[in-house]
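Residue numbers (my numbering): 1 to 311. What follows is a single structure, written as structure tokens, with notes after it.
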């Protein structure tokens, strides 16, 4: 009898929520960490086993039956990686088949709009990028020291149901900011799910993947297209210097690069469902015509709701 596969989602993120339904259809057992009762109850309603955590390290026996692990939480402002602190002891004594670490394209730094890939030397890094680089290094060292297959998924700006520029326009919080030459990469959450599934099927220890669509684009172009789909006027164009962005939002604009995604296609065999923002937004708008697309839990001041966020 084949052993049932069991995944532990450390931090039940937007990406984890997109992946889990596919795994449930394949009869996987799903576990997720939770810090409070309300979160635990919501997970139970989704058919997910809850692993309560309080910040202390997990013991090996608590994850002894886990075959796969998906890590979502980012490092905090002090550079501490809560997931690494939670799992490092247990993973010194237990070896799952696959560990997926959700990182960000911020680890590439700034390249002044040039095309780059996973092997391009790092450009100038801000504080957030430096924290992520350190986190990746720690997970890589943990994997190499203990024989784990750790794969890194460097996520571009995530969008999808309830988290997209259409919803931002509906809520009146969309902004159209102009910084000539600036582009961002994006990725639909459903494509993230299929990339993770493909990696689970083809584990490659230490391998990193740029998770983005085929077409980097200026943020104001994406807002304009969303408004066109909805038949509304786009927000006025505001020069970057006059935009009064928060320090977090400004940090996104410090990086300018075009990211190649060849590796997810050649190594994982992925064919993107939404290869550009037009396909993704059009599909989301069509879905919104037939069902109510609820707003995201917390409004973001990142450009057009398409910049990298917590996964």
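C-beta atoms are modelled at their ideal positions from N, C-alpha and C, and glycine is treated no differently. Just so we're clear, the structure is a prediction, and the values are computed from it rather than from any experiment.
Return the CA-CA distance between residue i and residue j, expressed in angstroms with no decimal places.
{"i": "residue 157", "j": "residue 113", "result": "16 angstroms"}
{"i": "residue 159", "j": "residue 189", "result": "6 angstroms"}
{"i": "residue 48", "j": "residue 39", "result": "11 angstroms"}
{"i": "residue 92", "j": "residue 7", "result": "18 angstroms"}
{"i": "residue 37", "j": "residue 11", "result": "14 angstroms"}
{"i": "residue 240", "j": "residue 231", "result": "26 angstroms"}
{"i": "residue 43", "j": "residue 35", "result": "12 angstroms"}
{"i": "residue 193", "j": "residue 136", "result": "20 angstroms"}
{"i": "residue 254", "j": "residue 242", "result": "16 angstroms"}
{"i": "residue 46", "j": "residue 21", "result": "9 angstroms"}
{"i": "residue 50", "j": "residue 274", "result": "32 angstroms"}
{"i": "residue 139", "j": "residue 147", "result": "12 angstroms"}
{"i": "residue 116", "j": "residue 105", "result": "11 angstroms"}
{"i": "residue 182", "j": "residue 290", "result": "34 angstroms"}
{"i": "residue 215", "j": "residue 228", "result": "19 angstroms"}
{"i": "residue 55", "j": "residue 9", "result": "15 angstroms"}
{"i": "residue 171", "j": "residue 23", "result": "33 angstroms"}
{"i": "residue 60", "j": "residue 102", "result": "22 angstroms"}
{"i": "residue 286", "j": "residue 169", "result": "15 angstroms"}
{"i": "residue 196", "j": "residue 71", "result": "12 angstroms"}
{"i": "residue 271", "j": "residue 179", "result": "31 angstroms"}
{"i": "residue 107", "j": "residue 283", "result": "30 angstroms"}
{"i": "residue 53", "j": "residue 81", "result": "15 angstroms"}
{"i": "residue 129", "j": "residue 41", "result": "34 angstroms"}
{"i": "residue 161", "j": "residue 133", "result": "29 angstroms"}
{"i": "residue 124", "j": "residue 3", "result": "46 angstroms"}
{"i": "residue 85", "j": "residue 58", "result": "9 angstroms"}
{"i": "residue 83", "j": "residue 16", "result": "15 angstroms"}
{"i": "residue 251", "j": "residue 118", "result": "21 angstroms"}
{"i": "residue 77", "j": "residue 14", "result": "21 angstroms"}
{"i": "residue 26", "j": "residue 184", "result": "34 angstroms"}
{"i": "residue 87", "j": "residue 247", "result": "31 angstroms"}
{"i": "residue 220", "j": "residue 29", "result": "42 angstroms"}
{"i": "residue 266", "j": "residue 198", "result": "11 angstroms"}
{"i": "residue 19", "j": "residue 33", "result": "16 angstroms"}
Output the boundary residues of the alpha helix (DSSP H) element that contains residue i.
{"i": "residue 28", "result": "Where residue 28 is concerned, there is no enclosing alpha helix (DSSP H), given that its DSSP letter is neither H nor E."}
{"i": "residue 282", "result": "277 to 290"}
{"i": "residue 187", "result": "Per DSSP, residue 187 belongs to no alpha helix (DSSP H); it is in the beta strand (DSSP E), 186 to 188."}
Checking 9 angstroms against the spacing of the C-beta atoms, do residue i and residue j come in under that value?
{"i": "residue 69", "j": "residue 98", "result": "yes"}
{"i": "residue 90", "j": "residue 152", "result": "no"}
{"i": "residue 149", "j": "residue 203", "result": "yes"}
{"i": "residue 288", "j": "residue 166", "result": "yes"}
{"i": "residue 312", "j": "residue 111", "result": "Coverage of the chain is limited to positions 1 through 311, which leaves residue 312 absent and any answer about it impossible."}
{"i": "residue 154", "j": "residue 75", "result": "no"}
{"i": "residue 249", "j": "residue 164", "result": "no"}
{"i": "residue 67", "j": "residue 5", "result": "yes"}
{"i": "residue 210", "j": "residue 263", "result": "yes"}
{"i": "residue 217", "j": "residue 256", "result": "no"}
{"i": "residue 126", "j": "residue 109", "result": "yes"}
{"i": "residue 177", "j": "residue 268", "result": "no"}
{"i": "residue 213", "j": "residue 233", "result": "no"}
{"i": "residue 223", "j": "residue 235", "result": "yes"}
{"i": "residue 100", "j": "residue 187", "result": "no"}
Could you confirm whether any beta carbon from chain C is found closer than 9 angstroms to the beta carbon of residue i?
{"i": "residue 165", "result": "The question asks about chain C, but that chain is absent: this structure has only one protein chain."}
Which residue comes first and which comes last in the beta strand (DSSP E) that contains residue i?
{"i": "residue 265", "result": "Taken as a continuous stretch (DSSP letters only), residue 265 belongs to no beta strand (DSSP E), being part of the alpha helix (DSSP H) at 262 to 266."}
{"i": "residue 180", "result": "Careful: residue 180 lies outside any beta strand (DSSP E) and carries neither H nor E."}
List the residues that DSSP assigns as beta-bridge partners of residue i.
{"i": "residue 10", "result": "71"}
{"i": "residue 259", "result": "116"}
{"i": "residue 49", "result": "31"}
Is the beta carbon of residue i within less than 8 angstroms of some heavy atom of the ligand ATP?
{"i": "residue 288", "result": "As far as ligands go, the structure on display features none, and thus does not contain the ligand ATP."}
_Runs of 4 residues minimum, wholly inside the segment 118 to 167: which ones carry the alpha helix (DSSP H) assignment?_
Runs of the alpha helix (DSSP H) lying entirely within the segment 118 to 167, each at least 4 residues long, are 127 to 146 in chain order.
_Which complete beta strand (DSSP E) runs does the segment 51 to 111 hold, if anything under 3 residues is left out?_
Runs of the beta strand (DSSP E) lying entirely within the segment 51 to 111, each at least 3 residues long, are 68 to 71, 98 to 104 in chain order.
_Length-filtered (3 minimum) beta strand (DSSP E) runs lying within the segment 168 to 252_ = DSSP runs (the beta strand (DSSP E)) wholly in the segment 168 to 252: 176 to 178, 186 to 188, 208 to 211, 237 to 239.
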